[in-house]
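I have placed the structure first, in the form of structure tokens, so that the comments after it can refer back to it.
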Amino acid sequence: MAKSVQSCGIYARISSDEGTALGVGRQIEDCTAEAARRGWPLGEIFTDNDVSATRTKKRPAYERMLHAIEHGTIDAVVVWDVDRLTRTPAELEQFIGLADSRGLALASIGGEVDLATPQGRLTARIKGSVARHEVEQMSRRLKRKFQENAKAGKSHGVMPFGYRREPILDDNGRATGSRDVVVPAEAEAIRELYARAIAGDTLRFLAKYLNEKGFTTRQGNPFIGNVVGNMLRKPRYAGHRTHAGQIIGKGDWEPIISQDTYDQAMAVLTAPGRRHERGMEPKHLLSGIALCGRCGGTMRPNMHKPRPDGTHRKAAYSCPDCMRLTRQMEPVEEVVEAVMVGRLSRPDMLAHLSEKPDALKAAASARDAILARMDTAADDYADGTITGRQLARMNERMKASLVEAEAQVLKYQPVRILDGMTGPGAAAAWESATINRKREVIRQLATVTILPSGPGIRFSPEQVKIEWKQA
Ligand SMILES: [Zn+2]
């Protein structure tokens, strides 16, 4: 990065071709967050309300912004997308010329476009001409054709758990279409699954819960952990329509859970180390969690064979990687549990969590903005305004941004796993927590390493190193 930005302008524009999804308010909100993230001091916000994507309309705010750039009042511009900024290739060239001569920094929410580099200019040019091309495609003839396609292509695949399909009947009792309606008992179970997942229950445990309640999969089989995991990952439950595994817009069915619940559950389900939970239900507090102080491997329970006289040795954790470290379980677990309870009891505990409501809000609104664009694109497709191929191409473009935005949202999620586990009641809460929850809490808060000690040296608490993870 070259010189630091002194004062940045935000440029927002609404035009009819984007529908209502990308309101000026949202663009400004996202751009302000982006400027803050980059540490760019905010100078002025320029807003145009441009109801058509033609060349003839004047854009007074845009003109004022060019003026401000020319006079050095602002030295950076944040836009939602480059296609907000310029409407024609000629305008873009003019803007690039000005940006060049003034050394302007430019950022867009949909990725960084640095007009100072040839690559950045090329990107901007391509984006500009694609946007224009799409406007030109909107002829009534095409529109009618796409409407037919959209109708013919209305299929949803297998009904997931929680919903059933119901025909829509006309006055004569003829089916004119179908809609997906919530099955209350199944929806109730789904909400319970999310709540339990957020509280740290394993997928295997969740599958057991469903089976005990008498539910089966749509194929009539008992649930298993992986099936439940795939189920909970479905954005459909939060009301999103997907195609080939990616979100393409808002569904016309009733969501079963909130977006917030979905995000929280994903934060837990995708937490690092979580994958070790597949398969066997863990029986030991630190198996797969504690690290080997010799080689960094992951400690596992050591399944000793009984001695020849039939007696058992005490249960221990061993490193299967270097096979040079073994430690009795009980004293190690005692130390870890005591230290965890001590930590959780501290009154300042909550301040140590990664509670960054502003960052979370910014990340969530950036994510929602992308979803809103996808909604608009899906609606345009349904209305016949764009083709399936155009929809696919637009989604391809938005998919990468969505993945990144989702990652940001997960990153700033508060650690709900600790709800009810902190403060004066921490010891009692720990005592009554399930082993799954304890393991999840340890994983969230600390790195536990079992240090080597010389032969014959008795166990001492210093041989267990507990490092707190920084938010
Ligand atoms: Zn090792």
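Per our numbering, residue 675 is the first one in the sequence shown, and the count goes up by one each step. Glycine is no exception: its CB is placed at the ideal position from the N, C-alpha and C atoms. Predicted model only: the values in this text are computed from it and were never measured.
In this structure the region 956-967 touches the region 993-1008; the number of beta carbon pairs closer than 8 Å is three or more. Contact between the region 706-720 and the region 738-747 is present, with at least three C-beta pairs closer than 8 Å. Rounded to the nearest whole angstrom, the CA to CA distance from D854 to R839 is 4 Å. Comparing alpha carbon positions, the residue from V1006, T891, I1091 closest to I1140 is V1006. For ligand 1, a non-hydrogen atom lies closer than 8 Å to the CB of R968. Nearest in C-alpha terms to H914, of all of N904, M905, P929, is P929. Note that the region 1097-1107 does not touch the region 1052-1060; fewer than 3 beta-carbon pairs, one per stretch, sit closer than 8 Å. Distances taken from the Cβ of G962 to the heavy atoms of ligand 1 include none shorter than 8 Å. A distance criterion of 8 Å places the beta-carbon of L1065 beyond contact range of ligand 1, judged by its closest non-hydrogen atom. Beta-bridge partners of R865 (DSSP): none assigned. Around the Cβ of W1142, a 10 Å sphere holds fewer than 16 other Cβ atoms; the residue is exposed. Rounded to whole angstroms, the Cβ separation of A750 and C682 is 4 Å, and the two are in contact under 8 Å.
Per DSSP, L960 lies in no beta strand (DSSP E) and is assigned neither H nor E. The beta carbons of M1072 and M1095 sit no closer together than 9 Å. Beta-bridge analysis with DSSP links F720 to Y685. Fully enclosed alpha helix (DSSP H) runs of no fewer than 4 residues occupy 1003-1019, 1023-1026 of the region 970-1056, in order along the chain. Ranking Q1064, I1060, G962, G1099 by CA distance to the CA of R1113 puts G962 first. Ligand 1 has no heavy atom closer than 8 Å to the beta-carbon of L1125.
In chain order, F835, F897, V901 place their CB closer than 8 Å to the CB of T891, counting only its own chain and leaving out the 5 sequence neighbours on each side. Annotated as proximal: V1115 and L1018, with beta-carbon spacing under 9 Å. Check the Cα spacing between G1130 and each of T1000, T1050, L778, A1043: the tightest is with T1000. A straight-line Cα-Cα distance of about 6 Å links L780 and V752. For E840, the enclosing beta strand (DSSP E) has its first and last residue at 837-843. In this structure, DSSP gives I1124 an extended state, which the three-state scheme calls strand.
Distance from the Cα of E866 is smallest, within the candidate group Y883, Y736, S852, V1138, for Y883. Secondary structure of V1115 (DSSP, three-state): helix. Look at R974: its beta carbon is at least 8 Å from all of the heavy atoms in ligand 1.
For I1140, the secondary structure class from DSSP, reduced to helix, strand or coil, is strand.
Selection D1042, A1120, E1070 evaluated against E1080 yields D1042 as nearest (Cα-Cα). Beyond the five residues adjoining it in sequence on each side, L1065 comes within less than 6 Å, by CB distance, of A1051, Y1055 in the same chain, given in chain order.
Annotation for V1015: A1100, A1101, W1104 place their beta carbon closer than 8 Å to its own, counting only its chain and skipping 5 residues before and after. The shortest C-alpha to C-alpha distance from M1068 to any of I1044, A1037, R848 is the one to I1044. Look at D1054: its beta carbon is at least 8 Å from all of the heavy atoms in ligand 1. In this structure D983 is not in contact with V1083, their Cβ atoms being roughly 58 Å apart against a cut-off of 8 Å. Distances between the C-beta of R1001 and the heavy atoms of ligand 1 are all 8 Å or more. Shown here, D704 sits in a helix according to DSSP, grouped into three states.
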